[in-house]
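Student: Sharing a structure, written as structure tokens. Questions coming.
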Amino acid sequence: MQVFPIRHAAAILKTTLAKGLDGHMTTDIINILMSGIFYASTLFLLAAGLQLVFGVQKIFNLACGSLYALGAYTGVVFVEQFHNMGISPLFSIVPLILAGLSLFFVGIIIERGLLKFVYERDESFQLLLTFAVVLMIEDIIRFIWGTSPKSTSGVYLVYGQIHLLGSVIPVYNLIVILSSLLIAVLIGFMLMKTRFGRIIRATADDRQMGEALGVNMRIVYIKVFTLGTVLGTLGGALVIPTTAAMTEMGVELIVMAFAVVVIGGLGSMKGAFFGAMVVGILRSFAISTYPELELLLIYLIVIGVLVFKPEGLFGGSRA
Amino acid sequence: MGSEPNGSFAALIRKRQTWLLLAGILCFVLLPRVGGQYTSYLVLTFFGYGVALLGFNLLFGYTGLLSFGHALFFTSGAYTVSYLTAKFAIPYMEVSIVVAVVVAVVIAALIGAICVRYIKIYFALLMLAFGMLTYSFLIKFYYITGGDEGMPVLRPHLLGFDLSSMAKMDFLTGWYYYYVLTVFIIATWIMWRIVSSHFGLALRAVRDNPEKAYYLGIDVRRYRWYAFIISGAYAAVGGALVAPVIGNVDPTLTYWTHSGTLVFMTLLGGFTNFLGPLLGGLVYIFLQDGVMSLLHYWRFVFGAMLAFIVIVAPGGLAGAIELIANKYCAKKGA
């Protein structure tokens, strides 16, 4: 007979409370927080492109997880090449970034080859078109890299780890967190301070007005979708040393990305950031206390948000 | 309705619809005798999906709501059969179907009450969320649901007859085939009555112009909710019928890509036509079987096909047939 989940969780809570805030407890909290923040950074990288594209083009890109997967696989290839050229694995971050950036052409292909035909159509058809892209990319990955998981052997360990208040944190995790923050800042800067950013925000608010004022929407859409694609592929490439690339990761990751953007608010960059934090930390907390609740908890929140605050917890301000 | 020119394809069909219908049913009845076991097996799967697709399209084609989580109801139906046959030792298929409908109606009434407040992309995403919620529930609470291995489905009794002594394929392409065919025909007939009733017309009005429908006295949300519940019940019956065929239910049935498959089938056949989704389901199942055995990369082929349909031929196969046939008939008539 199984223990009723809630009673089980209550028991854990009771014992941890009884133990009090001793050394063990702080270590636990730091571990949970750090893994949560790390996961949040990977989620942000995954969701940022989705948000940008939804904000401007109003297309919910189901293929964002697949782009992320594509970036991850390309990252593995680039790192191997660098390795073969005899460059120290310590510089692996360089080929990873290059891998992410080099995939920009995928965005142009998808936008020019498929999406441009459906901008005037019903949202449902746009959603379905991105689903078609999911199916295609999954098999392209299978065709190029086969079905066995791929990983960048050694890169993760080369960077070593640091000790913080009794808990061990891999340095590469910190690199991911920092790059994620850096990308967030760069996007923020681009959106708020540059001419292109102003155009993006303006067209996200009112496409027709943008067009009337002489903005070439064709170019904006190409740029935005390519940028969204690169954010996804870059994210995948940066995160890959911490895990292994698998063919199914595209369809699996969209489930988390989806939770992030709905909780944060569709189309809002700020939403992607805070949504990722909420989901990341919540997930890491659930895993260390009651793993059964992991996805369930996150999805209950997603539904709660969709029902009570469909614009998202941090939405409101566009892009 | 009835406004088509005399030479049109639709008019031609209407003139001969009884005969066409009977011919179609006859084909299905004779299939296990002439078509071989494997073909009948695929068609059997199609019947199950067909019922689910009829329900799906009541929501998508007739009410204008795209559900990206409809596999949720399909799964609830399949798990119901598994629960009844394997856990509670109630092997009667009729009981399974009735319970599946009741369970689905309850779930759909609850979820629907929330979902029908939204339309378009928010509805689609909310359903995706509910589908994935169910998925994580099924996979994590393994002591109730069997986790990722799922649960077995025992061979059900049909109309009270215990047929467990038959070989599996003989049972499936024999008695079970005709049983499911009967349910399929009844379900199709009921759905036809629904969409051609006042209620069906009201749904179309809601789809095309909710505001106008509202001013004409149609309670838009309530009608969407009804459609949602009927749609869920149909999907559950479909799942219940397919469960004994696959023999084991597992959480991937409610994964979002499976919901995507239902959408795909509907679109492939054509959501604007009553029989379109059925055609799509049949073609999809045979095409998948064929492409999979020929080519390792069937997903790519299907993805490209879906993209083509969305961009070039949103009417799907039924739409294309209608177009070609109309041209042909017009030429003949002139």
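Protein chains in written order, with our numbering: chain A, 1 to 319; chain B, 320 to 653.
Ideal placement from N, C-alpha and C gives every residue a C-beta, glycine not left out.
The structure displayed is predicted, hence computed values, not measured ones.
Is R512 (chain B) close to chain A? Criterion is C-beta to C-beta, closer than 8 Å.
Tutor: As a position in the second sequence, residue 512 (chain B) is number 193, starting the count at 1. Output row for R512 (chain B): interface = no.
Student: Going along chain B in order, which residues have a C-beta closer than 9 Å to the C-beta of R142 (chain A)?
Tutor: In the first sequence, counting from the first residue as 1, residue 142 (chain A) sits at position 142. Within 9 Å Cβ-Cβ: H615, Y616, R618 and F619.
Student: Across which residues does DSSP place Y411 (chain B) in a beta bridge pair?
Tutor: Against the second sequence, residue 411 (chain B) aligns to sequence position 92. According to DSSP, which records beta bridges pairwise, Y411 (chain B) is partnered with B:H476.
Student: Kindly indicate which three-state DSSP category M470 (chain B) falls into: helix, strand or coil?
Tutor: Mapped onto the second sequence, residue 470 (chain B) falls at position 151. Looking at M470 (chain B) - three-state DSSP - the assignment turns out to be strand.
Student: How close, in whole Å, do the beta carbons of T242 (chain A) and Y172 (chain A) come, if the pair is a contact with beta carbons under 8 Å?
Tutor: Looking up residue 242 (chain A) in the first sequence gives position 242. Looking up residue 172 (chain A) in the first sequence gives position 172. Contact flag correct, Cβ pair sits at about 6 Å.
Student: Does chain D have any CB closer than 8 Å to the CB of G579 (chain B)?
Tutor: The chain labelled as chain D is not found among the protein chains of the depicted structure, namely A and B.
Student: Between D608 (chain B) and the rest of its own chain, which residues show a CB-CB distance below 7 Å, the 5 nearest in sequence each way excluded?
Tutor: The residue given as residue 608 (chain B) occupies position 289 in the second sequence. The answer, listed in chain order, is L361.
Student: Is the region 595 to 614 of chain B in contact with the region 571 to 584 of chain B, if contact means three or more CB pairs nearer than 8 Å?
Tutor: With a cut-off of 8 Å, the region 571 to 584 of chain B and the region 595 to 614 of chain B count as touching, because enough Cβ pairs lie within range.
Student: Beta-carbon of P563 (chain B) versus every beta-carbon of chain A: anything under 8 Å?
Tutor: Walking along the second sequence from the start, residue 563 (chain B) turns up at place 244. Closer than 8 Å: no.
Student: Please return the same chain residues whose Cβ sits closer than 7 Å to the Cβ of G469 (chain B), not counting the five positions on each side in sequence.
Tutor: Residue numbering aside, residue 469 (chain B) sits at position 150 when the second sequence is read from its first letter. These residues qualify, in order along the chain: N567, V568, D569 and P570.
Student: Under a Cβ-count criterion, where at least 16 other Cβ atoms within 10 Å of its own Cβ denotes burial, should L341 (chain B) be classed as buried or exposed?
Tutor: For this step, residue 341 (chain B) is matched to residue 22 along the second sequence. Label assigned to L341 (chain B): exposed.
Student: Locate the beta strand (DSSP E) running through S167 (chain A), then write down its first and last residues.
Tutor: Locating residue 167 (chain A) in the first sequence gives position 167, where the first residue counts as 1. S167 (chain A) -> beta strand (DSSP E) spans S167 to P170.
Student: Mapping the DSSP letters down to three states, classify I162 (chain A) as helix, strand or coil.
Tutor: Residue 162 (chain A) sits at position 162 when you count from the first residue of the first sequence. Three-state result, I162 (chain A): strand.
Student: Please compile the residues from chain A whose C-beta is within a distance smaller than 7 Å of the C-beta of V629 (chain B).
Tutor: As a first step, residue 629 (chain B) is located in the second sequence; it is residue number 310 there, counting from the start. Here the neighbours are V118, F125, L128, L129 and A132.
Student: So, helix, strand or coil for K439 (chain B), using DSSP?
Tutor: Here the question's residue 439 (chain B) lines up with position 120 in the second sequence. Looking at K439 (chain B) - three-state DSSP - the assignment turns out to be helix.
Student: Near L282 (chain A), which residues of its chain fall below 7 Å by C-beta distance, leaving aside the five closest residues on each side in sequence?
Tutor: Mapped onto the first sequence, residue 282 (chain A) falls at position 282. If we look at L282 (chain A) and ignore the five residues flanking it on each side, its Cβ neighbours are L297 and I298.
Student: If I follow the unbroken alpha helix (DSSP H) through F392 (chain B), where does it start and stop?
Tutor: Stepping through the second sequence from its first residue, residue 392 (chain B) is reached at position 73. Element bounds for F392 (chain B): A390 to S401.
Student: Once DSSP output is grouped into helix, strand and coil, what is the label at N528 (chain B)?
Tutor: Along the second sequence, one-based indexing puts residue 528 (chain B) at 209. DSSP places N528 (chain B) in coil when its eight states are reduced to three.
Student: In angstroms with no decimal places, state the Cα-to-Cα distance between L349 (chain B) and T358 (chain B).
Tutor: As a working mapping, residue 349 (chain B) is identified with position 30 in the second sequence. As a working mapping, residue 358 (chain B) is identified with position 39 in the second sequence. If I take the Cα positions, the gap works out to 12 Å.
Student: Just to confirm, is the Cβ distance from E138 (chain A) to T26 (chain A) under 8 Å?
Tutor: One-based indexing of the first sequence puts residue 138 (chain A) at position 138. One-based indexing of the first sequence puts residue 26 (chain A) at position 26. Not a contact, by the Cβ cut-off of 8 Å.
Student: Considering only their Cβ atoms, is the gap separating F365 (chain B) from L572 (chain B) smaller than 8 Å?
Tutor: Position 253 of the second sequence, counted from the first residue, corresponds to residue 572 (chain B). Position 46 of the second sequence, counted from the first residue, corresponds to residue 365 (chain B). Result no, Cβ atoms of L572 (chain B) and F365 (chain B) do not sit closer than 8 Å.
Student: Quick one: which residues of the region 361 to 372 of chain B get their C-beta closer than 8 Å to a C-beta of chain A? List them in chain order.
Tutor: Of all residues in the region 361 to 372 of chain B, none has a Cβ within less than 8 Å of some Cβ in chain A.
Student: Whose C-beta lies closer than 7 Å to the C-beta of V353 (chain B) among residues of the same chain, with five residues either side of it excluded?
Tutor: As a working mapping, residue 353 (chain B) is identified with position 34 in the second sequence. So no residue of the chain qualifies.
Student: Taking 8 Å as the threshold (beta carbon to beta carbon), is D139 (chain A) in contact with chain B?
Tutor: The residue given as residue 139 (chain A) occupies position 139 in the first sequence. Closer than 8 Å: yes.
Student: Under 8 Å between the Cβ atoms of L52 (chain A) and V224 (chain A)?
Tutor: Stepping through the first sequence from its first residue, residue 52 (chain A) is reached at position 52. Stepping through the first sequence from its first residue, residue 224 (chain A) is reached at position 224. Yes, the Cβ-Cβ distance between L52 (chain A) and V224 (chain A) is below 8 Å.
Student: Check each candidate in A:G265, A:N84 and A:P291 and name the one with the smallest Cα separation from L444 (chain B).
Tutor: Within the second sequence, the letter at position 125 stands for residue 444 (chain B). It is A:G265 whose Cα lies nearest to the Cα of L444 (chain B).
Student: Note the first and the last residue of the continuous alpha helix (DSSP H) segment covering L127 (chain A).
Tutor: Residue 127 (chain A) sits at position 127 when you count from the first residue of the first sequence. L127 (chain A) -> alpha helix (DSSP H) spans E123 to W145.
Student: Just the chain A side, please: which residues come within less than 7 Å of F460 (chain B) by C-beta, in chain order?
Tutor: Locating residue 460 (chain B) in the second sequence gives position 141, counting from the first residue. Within chain A, the residues near F460 (chain B) are E292.
Student: Smallest Cα separation from H476 (chain B): which of B:T464, B:I416, B:V421 and B:G519?
Tutor: Here residue 476 (chain B) refers to the residue found at position 157 when the second sequence is read from its first residue. Answer by Cα proximity: B:I416.
Student: Round the Cβ separation of T492 (chain B) and P351 (chain B) to the nearest angstrom and send it over; I've been treating them as touching at under 8 Å.
Tutor: Start at 1 with the first residue of the second sequence, and residue 492 (chain B) comes out as number 173. Start at 1 with the first residue of the second sequence, and residue 351 (chain B) comes out as number 32. The pair is a contact, with the Cβ atoms about 5 Å apart (cut-off 8 Å).
Student: Mind checking if L67 (chain A) is an interface residue toward chain B, Cβ cutoff 8 Å exclusive?
Tutor: Residue 67 (chain A) sits at position 67 when you count from the first residue of the first sequence. Output row for L67 (chain A): interface = no.
Student: Just tell me which of B:A397, B:V564 and B:V610 has its CA closest to the CA of T464 (chain B).
Tutor: In the second sequence, residue 464 (chain B) corresponds to position 145, counting from 1. That would be B:A397, whose Cα lies nearest to the Cα of T464 (chain B).
Student: Identify the residues that DSSP records as bridge partners of V568 (chain B): which are they?
Tutor: Taking the second sequence and counting its residues from 1, the one referred to as residue 568 (chain B) is at position 249. V568 (chain B) pairs with B:M470.
Student: With distances taken between CB atoms, is the gap from F186 (chain A) to I30 (chain A) smaller than 8 Å?
Tutor: The sequence position of residue 186 (chain A) within the first sequence is 186, counting from 1. The sequence position of residue 30 (chain A) within the first sequence is 30, counting from 1. Note on residue identity: the sequence assigns Leu, not Phe, to residue 186 (chain A). Against a cut-off of 8 Å, the Cβ pair of I30 (chain A) and L186 (chain A) comes out as no contact.
Student: Can you list, in chain order, the residues of the region 294 to 311 of chain A whose Cβ is nearer than 8 Å to any Cβ on chain B?
Tutor: Taking 8 Å as the Cβ-Cβ cut-off against chain B, the residues of the region 294 to 311 of chain A that qualify are E294, L295, L296, Y299, L300, V302, I303, L306, V307 and P310.
Student: With a 10 Å radius around its C-beta and 16 neighbouring C-beta atoms as the bar for buried, classify F308 (chain A) as buried or exposed.
Tutor: As a working mapping, residue 308 (chain A) is identified with position 308 in the first sequence. Classification of F308 (chain A): exposed, given that the 10 Å Cβ count is below 16.
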